[in-house]
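At position 98 of the sequence shown the residue is numbered 98 (UniProt numbering), and the sequence of numbers has no breaks.
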Amino acid sequence: MEPIKKQGRHFVLVHGGWYWYKLKPLLEVAGHKVTTLDLAASGIDLRKIEELHTFHDYTLPLMELMESLPQEEKVILVGHSFGGMNLGLVMEKYQQKIYVAVFLAAFMPDSIHMSSYVLDQYFERMPTINWLDTQFVSYGSPEEPLPSIFFGPKFLAYNLYQLCSPEW
């Protein structure tokens, strides 16, 4: 692997552009280019969840970003949480445009199983009581139900943001 150049690298931070608001300026001050993006039907992305039918649809903003990069540019992909699943998909298609991929407390698909295997294993091992006020819902049609998860305030407070200071 070539050393990081003094002029910096291009970091692409995946899974909720808002999530990276403290890290982005630190990387920029250090001389790096930083792209944060929201995936489809998330954050500031205007698509509705009902418009998404595949995991590829959900990953489309990242796929479009990777497609738009000059052929010679290599980025450092950082995926957090479910963003690791998006990295796995992008790594298959754009390996020539990736300097390194970092899975930061993220789901990490392997090269043996279908990517959904990682999620299946997670859900099998997560005790039901730990989901607290999370809602599991389906959208789409009865013939083709599409699953979605809405984390409730208790789940967020006790499982995802328990180490964060309240800032609002």
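We put the CB at the ideal spot given by N, CA and C, even for glycine. The model shown is predicted, which means the values in this text are computed figures rather than measured ones.
Residues bridged to residue i (per DSSP)
i: Tyr139; result: Leu146
Option nearest residue i by Cα separation, candidates the options
i: Lys93; options: Thr59, Phe82, Ala106; result: Thr59
i: Glu72; options: Glu64, Gln95, Leu104; result: Gln95
i: Phe107; options: Thr54, Asn86, Lys48, Pro61; result: Asn86
i: residue 185; options: Glu50, Tyr19, Val29; result: The requested residue 185 is not part of the displayed model; the chain covers only 1 to 168.
i: Thr54; options: Gly140, Gly152, Asp45, Phe151; result: Gly140
i: Ile149; options: Gln135, Arg125, Glu143; result: Gln135
i: Val137; options: Ser165, Ile129, Phe151, Ala30; result: Phe151
i: residue 175; options: Phe155, Glu143, Leu37; result: The question about residue 175 has no answer here: the residues shown for the chain are numbered 1 through 168.
Contact check, residue i vs residue j, beta carbons under 8 Å
i: Gly79; j: His32; result: no
i: Met66; j: Lys22; result: no
i: Tyr158; j: Leu132; result: yes
i: Pro109; j: Gly88; result: yes
i: Ala105; j: Ser81; result: yes
i: Leu69; j: Leu39; result: no
i: His10; j: Thr35; result: yes
i: Val75; j: Val12; result: yes
What are the start and end residues of each continuous beta strand (DSSP E) run of 3 or more residues lying completely inside the UniProt domain "AB hydrolase-1" (12 to 127), in chain order? 33 to 37, 75 to 81, 98 to 106
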